[in-house]
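Using this note's numbering, the letters of the sequence shown correspond one by one to residues 9 to 315.
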Amino acid sequence: MEMHVAAVASKEAFLPFREYQTWYRITGSLDSGKLPLVVAHGGPGCTHDYVDSFKGISEIDGRAVIHYDQLGNGNSTRLPDKGPDFWTPALFLGELDALLKHLGIQDRYAFLGQSWGGMLGAEHAVLKPPGLKALVIANSPANMHTWVAEANRLRGELPKAVQDTLLRHEQAGTITDPEYIAASRVFYDRHVCRVTPWPAEVARTFAIMDEDNTVYRNMNGPTEFHVIGTMKDWTIEDRLMRIEAPTLLISGRYDEATPLVVKPYVDRVKGCEWVLFEHSSHMPHVEEKELCLETVSRFLSSHDTDA
């Protein structure tokens, strides 16, 4: 097998979507003959930065890896004046379809979605798009009620002083107070990313969200365990049996997406394969990068049959 010693070439561009622009980057070549992988970030309202490591799959097996910043986030058009009625799963499904068509890969592609990106991937997959040859759902809930219940169970395991601080500020409505943010960080360091300090690309996503949290605030809410946005009642549990694409589910031992949170995918998606990363929380692609990327690459290669 040829060893890729040099870094794989990449190119960045913008996709026109409605009257806006969606930023994307292709690592590797779409002409390689290998099944191209589209990577969707979480949030809703994060950026591609914290899932950047998935581009390494291109070095492992030579396939093109496409990252993009969903509308309202990162390098794509920011829309701070848009309210809850604008930010819907349907909007982001339309954006994904536009990206696939723009790149000319709508007839043959794989999709990996992390957290909210996996929820988006499941919404996409239940529509049975014929071009979807492999699906990777990474650290994603299937029902937001289960997600919140589990997040609050994990929150209940935090030191009492931290819990008291969180509750006090939530009741007072002072959730931008540095004390509240510091207390929230205790949860994030346990259940979102256990690498300390956070790697630069993870910190970059959170810094960008700090300057513009429009999408996250509207769809999710202020924090991972205080979900009051438009997605608070979202579920796909009753539709999962419609998914036909081969599916890999990944999650971490300490993940806020606990086994109970991801279980519906295992139970209801036919043939779903589940890999639990023992030393990770919500970001195995950062916390156990090499093993995670190899696991995903192996899965994609096993379904890369109709080249």
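Every residue, glycine too, gets a C-beta built ideally from N, C-alpha and C.
Rounded to whole angstroms, what is the Cα-Cα separation between residue i and residue j?
i    : j    : result
A98  : R306 : 31 Å
P44  : D220 : 31 Å
L101 : L135 : 10 Å
T96  : M227 : 8 Å
V16  : L38  : 12 Å
R202 : R86  : 30 Å
F25  : N83  : 14 Å
L143 : G70  : 18 Å
G64  : R163 : 33 Å
N81  : R33  : 14 Å
M9   : R176 : Confidence at M9 is low in this model, with a pLDDT of 43, below 50, so the placement of that residue is unreliable and no value is reported for it.
H12  : T204 : Here H12 scores only 45 on pLDDT, less than 50, and its place in the model should not be relied on; the value that follows carries that caveat. If you take the alpha carbons of H12 and T204, they lie about 30 Å apart.
P88  : Q114 : 30 Å
K90  : E27  : 14 Å
S309 : Y196 : 33 Å
P230 : R198 : 18 Å
P186 : R193 : 10 Å
I258 : I236 : 26 Å
W242 : A150 : 8 Å
E20  : P167 : 44 Å
K141 : H287 : 29 Å
T30  : F62  : 19 Å
Y224 : C54  : 7 Å
D60  : R161 : 30 Å
R212 : D77  : 13 Å
A191 : Q171 : 8 Å
L23  : L79  : 11 Å
Can you tell me where the beta strand (DSSP E) with residue i in it begins and where it stops?
i    : result
Q179 : Looking at the DSSP string, Q179 is not in any beta strand (DSSP E); the run it does join, the alpha helix (DSSP H), is K168 to A180.
F119 : Y117 to Q122
L45  : L45 to A48
Exposed or buried, residue i, counting other C-beta atoms within 10 Å across all chains shown (16 or more means buried)?
i    : result
A315 : Any reading at A315 needs caution, since the residue's pLDDT is 46, under 50, leaving its predicted position unreliable; the model's value is listed next. Result: exposed.
H323 : The structure shown does not extend to residue 323, since the chain is modelled only from 9 to 315, so the question has no answer here.
T182 : exposed
E165 : exposed
A133 : buried
H56  : buried
Q179 : exposed
G139 : exposed
H293 : buried
K4   : Outside the shown range of the chain (9 to 315) lies residue 4, about which nothing can therefore be said.
C300 : buried
A184 : It should be noted that the sequence gives Thr, not Ala, for residue 184. With fewer than 16 Cβ atoms within 10 Å of its Cβ, T184 is classed as exposed.
A146 : buried
P92  : exposed
G279 : exposed
E103 : buried
E298 : exposed
Per DSSP, residue i is paired with what?
i    : result
L79  : Answer is none; L79 lacks a bridge partner.
I68  : According to DSSP, which records beta bridges pairwise, I68 is partnered with nothing at all.
A146 : Q122 and I258
E281 : L256
T231 : H234
I244 : The partner list for I244 (beta bridge, DSSP) is empty, contrary to what the question assumes.
V73  : T35 and L45
L140 : Y117
N151 : T243
Assuming residue i is part of the alpha helix (DSSP H), what are its boundary residues?
i    : result
Y273 : P267 to R276
F195 : P186 to H199
T35  : Taken as a continuous stretch (DSSP letters only), T35 belongs to no alpha helix (DSSP H), being part of the beta strand (DSSP E) at Y28 to T35.
A208 : A208 to E219
K19  : Per DSSP, K19 belongs to no alpha helix (DSSP H); it is in the beta strand (DSSP E), S18 to F25.
T55  : Segment: none, T55 is in no alpha helix (DSSP H) and carries neither H nor E.
G102 : P97 to L111
T313 : That residue, T313, is in no alpha helix (DSSP H); it is neither H nor E in DSSP.
H293 : P292 to E295
Does the distance between the C-beta of residue i and the nearest non-hydrogen atom of the ligand SAM fall short of 7 Å?
i    : result
E296 : Ligands displayed in this structure: none; no statement on the ligand SAM is therefore possible.
**Item:** Sufficient close CB pairs (3 or more, under 8 Å) joining the segment 49-64 to the segment 109-123
**Value:** yes
**Prompt:** Counting pairs of Cβ atoms below 8 Å between the segment 267-277 and the segment 144-156, do you hit three or more?
**Reply:** When Cβ pairs closer than 8 Å are counted between the two stretches, the segment 267-277 is seen to touch the segment 144-156, the count reaching three or more.
**Message:** Assess contact between the segment 108-117 and the segment 236-246, defined as three or more Cβ pairs (one per stretch) separated by less than 8 Å. Is contact present?
**Reply:** no
**Message:** Counting beta carbon pairs with one atom in the segment 259-268 and one in the segment 279-286, are three or more of them shorter than 8 Å?
**Reply:** yes
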